[in-house]
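When you read off a place in the sequence shown, starting at 1, and then add 23, the result is the number in my numbering.
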Amino acid sequence: MEAVREIVMNMIIHRDYRSASDSIVKVYDDRIEFYNPGRLPDSITVDDLLSNRYKSTPRNKLIADFCKSLGLIEKYGSGIRRVIEYFKDAELPQPDFRNISDGFLVTIYDKEMAKVGEKVGDRLTGNQIKIINLMISDSFVSAKDLSDRIGISVRKIETNISKLKELGYIKRVGPANGGCWEVEKRID
Numbered sequence: 024m025e026a027v028r029e030i031v032m033n034m035i036i037h038r039d040y041r042s043a044s045d046s047i048v049k050v051y052d053d054r055i056e057f058y059n060p061g062r063l064p065d066s067i068t069v070d071d072l073l074s075n076r077y078k079s080t081p082r083n084k085l086i087a088d089f090c091k092s093l094g095l096i097e098k099y100g101s102g103i104r105r106v107i108e109y110f111k112d113a114e115l116p117q118p119d120f121r122n123i124s125d126g127f128l129v130t131i132y133d134k135e136m137a138k139v140g141e142k143v144g145d146r147l148t149g150n151q152i153k154i155i156n157l158m159i160s161d162s163f164v165s166a167k168d169l170s171d172r173i174g175i176s177v178r179k180i181e182t183n184i185s186k187l188k189e190l191g192y193i194k195r196v197g198p199a200n201g202g203c204w205e206v207e208k209r210i211d
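Now the structure itself:
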């Protein structure tokens, strides 16, 4: 998939090579996570990336220039936009892009996750769809875990969970501590 190649190229170009941490690709049944040492520059937020409101600042200019000279990248600062376009064209959910403690994490979801988005996408927000996707893959996921994975506050997670319960998409089974989530309107 062209989008995966683009994500890996971004990992090579934007990695913080001073870090002892490794770049990591984890493949799960429902998603692939791409972790890279080195957060976004302080002047760029994830929202800036998603809305294409930023000036490209490659961390490793020589590597970026070399990759461009080989035709591996088209132009500076266009990788994330192209990744989003690839997923949109393939009718897959938009990947998650997040700054985490000492690096940057991109998560892409499989087609089963896309089916959930297709069914409920016109009625639910992107974060609500992400919550459902994560509950399908881990029924014991906590509000704190959802907050960390999606990148919004626990309070906003709880508000979204309340709305999803009200709409009949999810329900809690068992006690608050030790119980699990059941997705009621799952696509077969």
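Backbone N, C-alpha and C fix where the C-beta goes; we use that ideal spot for every residue, glycine too.
request  = Rank Tyr109, Arg82, Asn200 and Pro118 by C-alpha distance to the C-alpha of Tyr40 and give the top, closest one.
outcome  = Arg82
query = With DSSP run on the structure shown, which of helix, strand or coil describes Phe110?
reply = helix
query = Which partner residues of Gly126 appear in the DSSP bridge assignment?
reply = Pro60 and Ile123
ask   = Should Gly202 go down as buried or exposed, given a rule of 16 or more other Cβ atoms within 10 Å for buried?
value = exposed
request  = Find the nearest neighbour of Leu73 within the set Tyr58, Gly94 and Gly102, judged by alpha-carbon distance.
outcome  = Gly102
query = When DSSP labels each residue in this structure, what does Val28 get in the three-state scheme?
reply = Strictly speaking, residue 28 in this sequence is Arg, with Val absent from that position. Three-state result, Arg28: helix.
request  = Using three-state DSSP, classify Glu205 as helix, strand or coil.
outcome  = strand
contact_flag[the region 113-123, the region 31-49] where n(CB pairs < 8 Å) is 3 or more = no
ask   = Just how far apart, CA to CA, sit Asp161 and Lys49?
value = 16 Å
message = Please report the straight-line C-alpha distance between Asp65 and Tyr132, rounded to a whole angstrom.
response = 27 Å
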